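K.L.:
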Amino acid sequence: MKRIGILILVAITAVVAVTLAARNSNEEEIPVYQLVPVSTRDIVVSASAAGVVEPVTTVDIKSKASGEIMEVRVETGDVVSPGQLLVKVDPRVPRNALQQAEADLDVAKAQLANAESQLRRAEELYQTQSITEQEYETANLNAATARAQLVRAERSLEDARISFEDTDVRAPIRGVIIEKAVEVGTVISSATREVGGGTVLLRMANLDTVQVRSLVDETDIGKIRAEMDVTITVDAYPNQPFQGQVLKIEPQATVQQNVTMFAVLVRIPNRQGLLRPGMSAEAEVHVGERRGVLAIPNAALRTDRDVGSAATVLGLDPETVQQQIAAARDAARERAAQQGEPGGASHGDTAAASPHGETITMGGREITLPEGVTADQVRAVFQRMREGGGPQGLSAEDRAVLEKMRSAGGGMGGGRSGRQRASSDEYLFGGNYIVFAVRNDAAMPIPIRTGLTDLDYSEVISGLTQADTVLILPSASLLASQQEFQERMGSRFGGLPGVSRR
């Protein structure tokens with residue numbers, strides 16, 4: 000038994016030694032980091048969502064007249080103009096009422112003429128004291144009553160004429176008949192006289208402009224705002240995209256299968272009439288776009304939390320790295336103070352008022368303030384964005400300030416080191432990070448400001464040039480798992496003969 004135990008121990012020792020040797024061999028073959036030069040590229044960010052095409056304006060056609068449908072002059076799909084005759088309702092009863100009203104008007108006119116004639120004779124007789132005052136007042140009252148009867152008859156005639164005209168149902172707007180609910184011979188009820196609201200004859204819609212109602216996940220809704228460009232594709236025309244714009248974002252969320260989403264309405268011109276209500280559509284909202292900007296892989300970005308582990312991988316002293324980062328930020332504050340930003344900025348993006356109060360200097364760029372926005376407001380908003388990790392936690396007032404900055408027509412612009420005008424998107428999607436770059440043949444930490452990102456690459460706003468080369472390091476979680484594995488294997492087999500930790 001003792002000999003068997005010794006053989007098993009020797010076998011385990013050999014297996015572990017081979018495993019660790021193979022693992023160490025692989026680690027020698029795979030470099031700890033990868034050198035990637037800073038290059039220019041295009042960055043496009045979009046948010047996709049599914050939706051349904053629906054008309055912007057839909058009208059239910061009803062009749063004010065009751066009776067039998069005598070004629071239907073349109074079919075579904077017909078394009079109609081305002082005032083065009085659509086449906087004719089049985090006109091016999093309204094026509095009879097119109098004729099009766101015309102006759103009543105003639106009677107009222109004759110009665111008024113007779114009453115006025117009697118009043119004139121009564122006035123002559125009253126002046127000669129041939130009739131009493133009471134008889135004169137009676138003649139005057141009869142004339143007034145006749146005039147009222149005439150007005151009543153004229154009103155009845157007008158109502159009868161309107162009722163007769165209502166038997167012709169006409170189109171209220173220009174549009175397309177999308178639904179037909181009645182046929183010849185159907186008896187309908189009036190929309191104005193019945194409690195139920197009357198019978199729907201037709202349904203029409205204006206399809207010159209349609210909209211897509213799509214549900215966007217709450218994680219992407221913060222990137223979308225009104226007037227953003229949208230590309231719409233439908234199954235009927237897979238190779239023909241349609242262009243539209245975001246109209247608005249509904250304030251009330253919709254929860255489906257424990258997922259919170261918001262409805263986004265997109266308006267699309269439909270001059271050719273190709274888009275039809277009910278079509279399934281895919282909406283791609285163009286959140287941001289940069290052409291020919293400096294960019295680096297997102298894998299090269301480091302935060303203050305994991306910069307220490309990255310320094311350890313490179314063989315650098317974490318305390319020395321922290322001192323270098325602090326010195327770089329102090330230099331940034333000094334540059335900001337020299338450019339007229341009181342108090343400086345730890346990351347070069349604090350707003351400060353200009354002497355005339357019309358512009359601010361932000362990260363070394365001169366930016367025009369829109370009307371109604373002060374430098375103090377901008378400073379406070381960006382401070383809260385840095386503390387909260389982005390725009391998601393901003394209040395409605397802070398978002399209103401950002402919206403004014405966006406709608407200022409280039410007010411967020413200014414020179415960006417001669418490359419490209421700045422945009423408010425960089426403040427919405429960018430952040431402050433640290434990268435390790437090779438300078439003077441040595442790796443050193445560089446604080447940078449990033450802009451738009453497509454989750455693979457990030458735009459570089461400040462801190463790097465095209466001549467730099469950055470290092471892509473393993474993630475912090477990978478480093479932690481590797482260290483944990485080494486410690487676990489060392490504690491388990493470290494006491495075995497022939498096995499040592501490396």
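According to numbering that gives the first Met the number 0, the residues represented by the sequence shown are 0 to 501, in order. Note that the Cβ used here is the ideal one computed from N, Cα and C, for glycine as well. Since this is a predicted model, take the numbers as computed values, not measurements.
In the DSSP assignment, the alpha helix (DSSP H) including Arg-94 goes from what residue to what residue?
P.N.:
Its alpha helix (DSSP H) spans residues 91-126.
K.L.:
Note down the Cα distance separating Gly-434 from Ala-442, rounded to an integer number of angstroms.
P.N.:
This sequence places Val at residue 434; Gly is not what is there. Approximately 10 Å between the Cα atoms of the pair.
K.L.:
On the DSSP bridge list, what partners appear for Phe-261?
P.N.:
Looking at the DSSP assignment, Phe-261 forms a beta bridge with Val-215, Ala-252.
K.L.:
Which same chain residues, not among the five before or five after Ala-145, have their C-beta less than 6 Å away from its C-beta?
P.N.:
Answer for Ala-145: Gln-110, Leu-111, Ala-114, listed in chain order.
K.L.:
What runs of the beta strand (DSSP E), each 3 residues or longer, lie entirely inside the region 135-189?
P.N.:
Whole beta strand (DSSP E) segments, 3+ residues: 167-169, 174-179.
K.L.:
On the criterion of 16 or more Cβ atoms from any shown chain inside 10 Å, does Asp-540 qualify as buried, or is it exposed?
P.N.:
The chain is shown only over 0 to 501; residue 540 falls outside these bounds and no answer can be derived.
K.L.:
What did DSSP end up calling Thr-468 once you bin it into helix, strand or coil?
P.N.:
The answer is strand: DSSP assigns Thr-468 an E or B state.
K.L.:
Looking only at DSSP bridge pairs, what is Glu-279 linked to?
P.N.:
The amino acid occupying residue 279 in the given sequence is Ser; Glu does not appear at that position. According to DSSP, which records beta bridges pairwise, Ser-279 is partnered with Val-51.
K.L.:
Return helix, strand or coil for Val-312, following the three-state DSSP convention.
P.N.:
Residue state, collapsed to three classes: helix.
K.L.:
For the ligand COA, is there any heavy atom lying closer than 6 Å to the beta carbon of Gln-271?
P.N.:
Of the ligands one can find in the structure shown there are none, so the ligand COA has no counterpart to examine.
K.L.:
What residue from Pro-276, Ala-147, Gln-117 has the CA that sits closest to Glu-134's CA?
P.N.:
Selected option, being the one with the closest Cα: Gln-117.
K.L.:
For Thr-185, which residues from the same chain have a beta carbon less than 6 Å from its beta carbon, with the 5 sequence-adjacent residues on both sides left out?
P.N.:
Once the five neighbours on either side are set aside, the close Cβ partners of Thr-185 are Ile-68.
K.L.:
State the DSSP-derived secondary structure class of Asp-228, mapped to helix, strand or coil.
P.N.:
Of the three classes helix, strand and coil, the one that applies to Asp-228 here is strand, per DSSP.
K.L.:
For Ala-326 and Ala-466, I'd like the C-alpha separation in whole angstroms.
P.N.:
Cα-Cα distance, rounded: 22 Å.
K.L.:
By Cβ distance, which residues of its chain are closer than 8 Å to Glu-458, with the 5 residues on each side in sequence left out?
P.N.:
So the qualifying residues of the chain are Ile-42, Arg-289, Val-292, Leu-293, Ala-294, Glu-425, Gly-429, Thr-449, Gly-450, Leu-451, Thr-452.
K.L.:
Cα separation between Ile-248 and Gly-50?
P.N.:
Distance between the alpha carbons of Ile-248 and Gly-50 is about 14 Å.
K.L.:
To which residues of the same chain is Arg-212 closer than 7 Å at the C-beta, ignoring the five residues directly before and after it?
P.N.:
Taken in chain order, the residues that qualify are Gly-50, Val-51, Glu-53, Ala-262, Leu-264.
K.L.:
Could you name the residues of the same chain whose beta carbon sits closer than 6 Å to that of Val-181, not counting the 5 residues immediately before and after it, in chain order?
P.N.:
Answer for Val-181: Ile-68, Leu-200, listed in chain order.
K.L.:
Helix or strand or just coil, what does DSSP make of Lys-403?
P.N.:
DSSP places Lys-403 in helix when its eight states are reduced to three.
K.L.:
Does the distance from the CB of Ala-298 to the CB of Ile-172 come in under 7 Å?
P.N.:
No, they are not a contact pair.
K.L.:
Whole angstroms are fine: how far does the CA of Ile-161 sit from the CA of Ala-142?
P.N.:
If I take the Cα positions, the gap works out to 29 Å.
K.L.:
Any idea which residues DSSP pairs Ala-204 with across the strands?
P.N.:
Thr-57, Val-175.
K.L.:
Have a look at Gln-98 and Lys-179 and give me their C-alpha separation to the nearest angstrom.
P.N.:
Straight-line Cα distance between these residues: approximately 33 Å.
K.L.:
Pick helix, strand or coil for Ala-421, following the three-state DSSP scheme.
P.N.:
The predicted model places Ala-421 with a pLDDT of 39, which falls under 50 and marks its position as unreliable; any figure quoted below should be read in that light. Reduced to three states, the DSSP call for Ala-421 is coil.
K.L.:
Do Gly-197 and Arg-61 have their beta-carbon atoms positioned less than 7 Å apart in this structure?
P.N.:
The residue you asked about is not Arg; residue 61 is Lys in the sequence shown. Taking 7 Å as the Cβ cut-off, Lys-61 and Gly-197 qualify as a contacting pair.
K.L.:
Give a yes or no on whether the C-beta atoms belonging to Val-209 and Leu-274 are separated by under 7 Å.
P.N.:
Yes, the Cβ-Cβ distance between Val-209 and Leu-274 is below 7 Å.
K.L.:
From which residue to which residue does the beta strand (DSSP E) around Gly-197 run?
P.N.:
Taken as a continuous stretch (DSSP letters only), Gly-197 belongs to no beta strand (DSSP E), as it is neither H nor E.
K.L.:
Leaving aside the five residues before and after Asp-455 along the sequence, list all residues of the same chain whose C-beta is less than 8 Å from its C-beta, in chain order.
P.N.:
If we look at Asp-455 and ignore the five residues flanking it on each side, its Cβ neighbours are Pro-296, Asn-297.
K.L.:
What's the gap between the Cα of Asp-89 and the Cα of Arg-72?
P.N.:
So the alpha carbons of these two residues sit roughly 14 Å apart.
K.L.:
Would the beta-carbon of Ala-280 fall within 7 Å of that of Val-229?
P.N.:
No, the Cβ-Cβ distance between Ala-280 and Val-229 is not below 7 Å.
K.L.:
Apply the 10 Å Cβ neighbour rule to Gly-508 and answer buried if 16 or more other Cβ atoms are within range, or exposed otherwise.
P.N.:
The displayed coordinates of the chain run from 0 to 501. Any statement about residue 508 would go beyond what the structure contains.
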